[in-house]
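Residue numbers (this note's numbering), protein chains in the order written: chain A, 1 to 297; chain B, 298 to 594.
Accompanying notes for the structure given below.
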């Protein structure tokens, strides 16, 4: 799949996900309006929509109804945006800009940002538990359980804790892989898995997709770290060079630029190999790998 | 039910809930251990366990298996403790002490406290989605949906947003009732409702319990505000006089001490009236009302 087609698919996904979230996030009349406005600011404010597209692309392999995949995608985007809001806070990574816009605590205030993150995380489970996500209660529960594991202390939150606690000299290559798998890889893997859960995919298909998602997530993270070192602040939309300045452990700082680039390439080749059992319907998943590794923002 | 018996019931509930949570919160070996230690510090660190007791007491009316009620109770306590951690943060209520101990961000640091809150909220849904909470998937989903509504931007988070945004002269009596219903009442109501959901209670029974929980929650909140004005800092275990100093809107500041005391009494009488359809098995719920209104901490 050409990069142009993929960018078009991401844009279409953005429109579709926002159409799901917009009415759910109707602004109430009372003073609580402010937290809903902050939620909208974060979750309707653009972003690549890579995770939602992964849900749709994986769902297509198993003929998942698009409205179901879009609700799962919306829930995942709520979790992703909550994690960005909280990670950007002064007590965490202390970032002022995100996607070329002020971060949520800059646009509102810290208290509102903390609450907006909390409410987005809660909303994700509200969306998944509703029958419009899937008529089969066991499917909804499987989505919920898998999301808690990907995003809680065994997954994303645990990964962020490691990233904040460990200094660069504390982590070897394997430990960094593990941290990044938890911090960003697990939610990416869940995005791919969600399509399989919604489509009652076979165990074999799930295993292939799991391998795909794991390699994609790591390649994506290395590409992110490379952008942090090499990227232009205007393209990237947030401060660059931050990890290095903070003495943070990344695979790029450990391997050097050249080996990191090779590693990203190797992981993306591997990711695509995991898809060999699928026909052309997996082309979107294949295209996502190229996009994730070669993007400039 | 005598107050001594109720205090014994709360203590037994504490032991039982901690027995559920302790193995779930086993400390891992990696650097992510710190967030789990902070979660344990908050959720295994005592507290009244009023909400868990409400789940057990309501569950007893419908012969709910104790192990099921305890898991729902543990999930609610995770949500309650997450809200305390986040509310205590410097950007929110900026409290240093809670239950006579340093607050989580004081005992650890702000980043760890934010993450521990996030992970406890996530864990609540992990616990509810697991089959050991109830074999019927629809019961588990109903618990999850009701918890999201009680704790998200329509409920607890929205109430905290109002509390932070509105100044005392902005809210009249009805607006304060609404804020407190969202901020603390909705989770108390869900605690009572959880027993009814687990026990497939009739619509009538649910409606009675809903009225009970609503009046109890408001009486509880007025008692809390009275403690803030009248309480001894050592008994209460946290700073007192804070609401007044912060110019916060409470029913006590609006009504004055005497009318607030009368109001709390009226609400607790009403709460007990809602239980008239239940026999002596509801004595625990009746005892909780007396305890909530007459406590000194």
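Ideal Cβ placement from N, Cα and C applies to all residues, glycine included.
As the structure is a prediction and not an experimental result, all values here were calculated from the model.
With contacts defined by Cβ atoms closer than 8 Å, residue 81 (chain A) and residue 123 (chain A) do not form a contacting pair. Contacts between residue 165 (chain A) and chain B, judged by CB atoms closer than 7 Å, involve 328 and 331 in chain order. Rounded to whole angstroms, the Cβ separation of residue 288 (chain A) and residue 54 (chain A) is 7 Å, and the two are in contact under 8 Å.
The three-state reading of DSSP puts residue 395 (chain B) in strand, counting E and B together.
For residue 339 (chain B), none of the residues of chain A pass the 9 Å Cβ criterion, the least Cβ distance being about 13 Å.
Taking residue 455 (chain B) as reference, the option from B:587, B:321, B:476 and B:370 with the minimal CA-CA separation is B:476. When B:342, B:431 and B:570 are compared, the shortest CA-CA separation from residue 312 (chain B) is found for B:342.
Counting only runs of 3+ residues, no beta strand (DSSP E) is found wholly inside the stretch 414–461 of chain B.
Remark: C-beta atoms of residue 436 (chain B) and residue 494 (chain B) approach each other more closely than 8 Å. Counting C-beta atoms within 10 angstroms of its own C-beta, residue 154 (chain A) has 16 or more neighbours from the protein chains shown and is therefore classed as buried.
Between residue 389 (chain B) and residue 111 (chain A), the CB-CB gap stays under 8 Å. Just so you know, the alpha carbons of residue 504 (chain B) and residue 399 (chain B) end up roughly 40 Å apart.
DSSP places residue 279 (chain A) in the coil class of the three-state scheme, outside both helix and strand. Shown here, residue 92 (chain A) sits in coil according to DSSP, grouped into three states, outside any helix or strand. The beta carbon of residue 70 (chain A) sits closer than 6 Å to the beta carbons of 16 and 20 from its chain, once the five residues preceding and following it are set aside; these are given in chain order.
Residue 488 (chain B) and residue 370 (chain B) have their C-alpha atoms roughly 7 Å apart. Minimum Cα-Cα distance from residue 85 (chain A) among the listed residues A:104, A:68 and A:57 corresponds to A:104. With a threshold of 16 other beta carbon atoms within 10 Å, residue 453 (chain B) meets it and is buried. Looking from the CA of residue 360 (chain B), the closest CA among B:482, B:491, B:526 and B:524 belongs to B:491.
With fewer than 16 other Cβ atoms from the protein chains shown falling within 10 Å of its own Cβ, residue 309 (chain B) counts as exposed. Against residue 138 (chain A), the close residues of chain B are 434, in the order they occur along the chain (beta-carbon pairs closer than 9 Å).
Boundaries of the alpha helix (DSSP H) around residue 492 (chain B): 483–495.
Secondary structure at residue 466 (chain B): helix, using DSSP grouped into helix, strand and coil. Against chain A, the beta carbon of residue 415 (chain B) has neighbours under 7 Å at 86, 121 and 157, listed in chain order. The continuous stretches of alpha helix (DSSP H) do not include residue 480 (chain B), and DSSP gives it neither H nor E.
Cβ neighbours of residue 446 (chain B) within its own chain (closer than 7 Å, five residues either side excluded): 452.
Only residues of its own chain outside the window of five on either side were considered, and among them 124, 127 and 128 have a CB closer than 6 Å to the CB of residue 75 (chain A), listed in chain order.
Contact between residue 513 (chain B) and residue 568 (chain B) is confirmed by a C-beta separation of about 5 Å, below the 8 Å threshold.
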